[in-house]
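All remarks here apply to the structure that follows.
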Amino acid sequence: MTVRRSIVAGSGSYLPEKIVTNADLAKIVDTSDEWIVERSGISERRMAAEGETTSDLAVKAAEAAMSAAGVSGSDLDLIIVATTTPDETFPAVATHVQRRVGMTRGAGFDVQAVCSGFVYAVNVADNFIKAGQAGTVLVIGAETMTRLMDWSDRTTCVLFGDGAGALVFKAGEGEGTAADRGVLSSHLYSDGRLHDLLYVDGGPSTTRTTGFLRMQGKEVFKHAVTNISDSIRVALEHNGLTADEVDWFVPHQANKRILDATARKIGLAPEKVVYTVARHGNTSAASIPLAIDEAVRDGRIKQNDLVLIEAMGGGLTWGSSLIRW
Ligand code: ACO
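Following my numbering from start to finish, the sequence shown increments by one per residue and tops out at 320.
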């Protein structure tokens, strides 16, 4: 049986130039390099320059991905940007990107699922391609999370960073088996009852301000390992695959302890996990495509490799996706 598949044609990423080390943060809040490394695995993160916006980061990642895929703006049918830190409340970051990459037809919109945004956006792109509504789709995760930080709250401001990553998907054909190249499946979840564990305390229809990120870290941690492991189990079972068959596990980079615990729980060897959290911190929806692009460019992820992505974020939202490169 021939099926339509969304096949990765290229990846790209961009990190702002400014590096903020743990020692830099210890100058503004009561923290230490030792505490941050031990509890989160983070040593440094990037911070967008004054005036540098989420769409600036998104465009740079998009251009790199489009160049790797050999496509131009006029080849794109759809742009989906996963972000929780748009330049403006509206319009969507995707429309800024559309203008700047020279795409004058098709559509662009943003997906808001916080740190799970990239997994959600991949699922949406795959459905557009499978339905025949789009043939070439640019999916971007881009964030300026440092703009949501309360710089007096040491429990959150040490964890987050800025960056962007992107993938270009093209329609192709497969046999309908797990040996096909492309997105094999995605599974998305949310539970709005868990709002208070992780949210931003502002918005256009409440405070009319942007607000600051608030998090009950310990509670989020507990939900993370369970929810993520469950969604990975569903993904593997759905495709008749085992953890051994996964070549690369590219998780949302929130905290090294969460990544280690998840890999252990699902039985994935540590050498199959792509880690960037030490250098990037938590870049929310950007973390997965940033990590993917690094592993593609250094030669780890190769054609036909089975790549597992997963994330959990505010909402709570979570999910996973299996992609054969
Ligand atoms: N520096 C020094 N001490 C600190 C800091 C800091 N930056 N932050 C908190 N502490 C203190 C606390 O005040 C507390 O002190 P107390 O014992 O005197 O009360 C102590 O350190 C321990 O705090 P805990 O919150 O219990 O520390 P924990 O081991 O849980 O680590 C952390 C905190 C890193 C936030 C962890 O809970 C975590 O990573 N949770 C998951 C968060 C996460 O991944 N969020 C993102 C997922 S969703 C998304 O990506 C948006």
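For each residue, glycine too, the CB sits at the ideal point set by N, CA and C.
Problem - Sufficient close CB pairs (3 or more, under 8 angstroms) joining the region 25 to 39 to the region 190 to 209 - result: no
Exercise for the section: With distances taken Cα to Cα, identify the nearest neighbour of THR321 among ASN118, ASP72, ALA56, ARG228. Expected result: Missing from the structure shown is residue 321; the chain here goes from -4 to 320 and no further.
Handout entry: Same chain, Cβ closer than 6 angstroms to THR90, neighbours up to 5 away in sequence not counted
Key = GLY103
Practice task
Could you pull out every residue in the same chain whose Cβ sits closer than 7 angstroms to the Cβ of GLY101, ignoring the five residues on either side in sequence?
Solution key: Excluding residues within five positions, the ones whose Cβ falls inside 7 angstroms are LEU71, ASP72, LEU73.
Problem - VAL153 CB to nearest heavy atom of the ligand ACO below 6 angstroms - result: Answer for VAL153: yes, Cβ within range of the ligand ACO.
Problem - Alpha-carbon spacing of ASN277 relative to LYS251, whole angstroms - result: 10 angstroms
Practice task
Let me know if PRO246 comes out buried or exposed under the rule of 16 or more other beta-carbons within 10 Å of its beta-carbon.
Solution key: buried
Practice task
Using the Cα positions of LYS55 and PHE155, report the straight-line distance between them to the nearest angstrom.
Solution key: 20 angstroms
Practice task
Give, in chain order, every unbroken run of the alpha helix (DSSP H) that is at least 4 residues long and sits entirely within the region 108 to 154.
Solution key: 112 to 125, 149 to 152
Exercise for the section: Tell me whether the beta-carbon of ALA60 lies closer than 7 angstroms to the beta-carbon of ALA173. Expected result: no
Problem - Every unbroken beta strand (DSSP E) inside the region 16 to 91 [3 residues or more] - result: 39 to 42, 73 to 77
Practice task
Identify which residue in THR49, ASP28, ASN17 has its Cα closest to the Cα of SER279.
Solution key: SER279 has its Cα closest to that of THR49, out of THR49, ASP28, ASN17.
Practice task
Report buried or exposed for TRP146, applying the criterion of at least 16 other Cβ atoms within 10 angstroms of its Cβ.
Solution key: exposed
Practice task
Consult DSSP for ILE2 and reduce its assignment to one of helix, strand or coil.
Solution key: strand
Handout entry: MET(-4), buried or exposed, once every other Cβ within 10 Å from all chains shown has been counted against 16
Key = exposed
Practice task
Compute the minimum distance between the beta carbon of SER35 and the heavy atoms of the ligand ACO, and state whether it is under 6 angstroms.
Solution key: yes
Problem - Distance between THR205 and GLU39 (C-alpha atoms, nearest Å) - result: Approximately 25 angstroms between the Cα atoms of the pair.
Practice task
Spell out the partners DSSP gives VAL195 in its beta bridges.
Solution key: DSSP lists LEU208 as partners of VAL195.
Problem - Any non-hydrogen atom of the ligand ACO within 6 angstroms of THR202 CB - result: no
Problem - Candidates VAL15, GLY7, GLY310, GLU45, of which the one nearest SER185 by Cα - result: GLY310
Practice task
Whole angstroms is fine: what's the gap from VAL134's alpha carbon to ALA44's?
Solution key: 24 angstroms
Problem - Nearest-angstrom Cα separation, counted from ILE223 out to GLU170 - result: 29 angstroms
Handout entry: Rounded C-alpha distance that separates THR80 from MET144
Key = 11 angstroms
Handout entry: Ordered list of alpha helix (DSSP H) runs contained in the region 212 to 277, each at least 4 residues
Key = Counting whole runs of 4 or more residues, the region 212 to 277 contains the alpha helix (DSSP H) stretches 212 to 233, 251 to 261, 272 to 275.
Problem - Which of helix, strand or coil DSSP assigns to ILE296 - result: coil
Handout entry: Meets three-Cβ-pair contact criterion under 8 angstroms: the region 122 to 129 and the region 14 to 32
Key = no
Practice task
Please state whether DSSP places VAL291 in a helix, a strand or coil.
Solution key: helix
Problem - Which of helix, strand or coil DSSP assigns to LEU311 - result: coil
Exercise for the section: Would you kindly work out how many angstroms separate the C-alpha atoms of SER27 and ALA166, rounded to a whole number? Expected result: 48 angstroms
Handout entry: Residues of its chain near ASP242, where Cβ-Cβ distance is below 6 angstroms and the 5 sequence neighbours each way are ignored
Key = ASP300, LEU301
Problem - Per-residue DSSP class, three states only, for LEU10 - result: coil
Exercise for the section: Rank GLY177, ALA77, PHE123, VAL92 by C-alpha distance to the C-alpha of GLY5 and give the top, closest one. Expected result: GLY177
Exercise for the section: Have a look at ASP148, SER181, VAL88 and flag the residue whose alpha-carbon is nearest the alpha-carbon of ASP121. Expected result: Selected option, being the one with the closest Cα: SER181.
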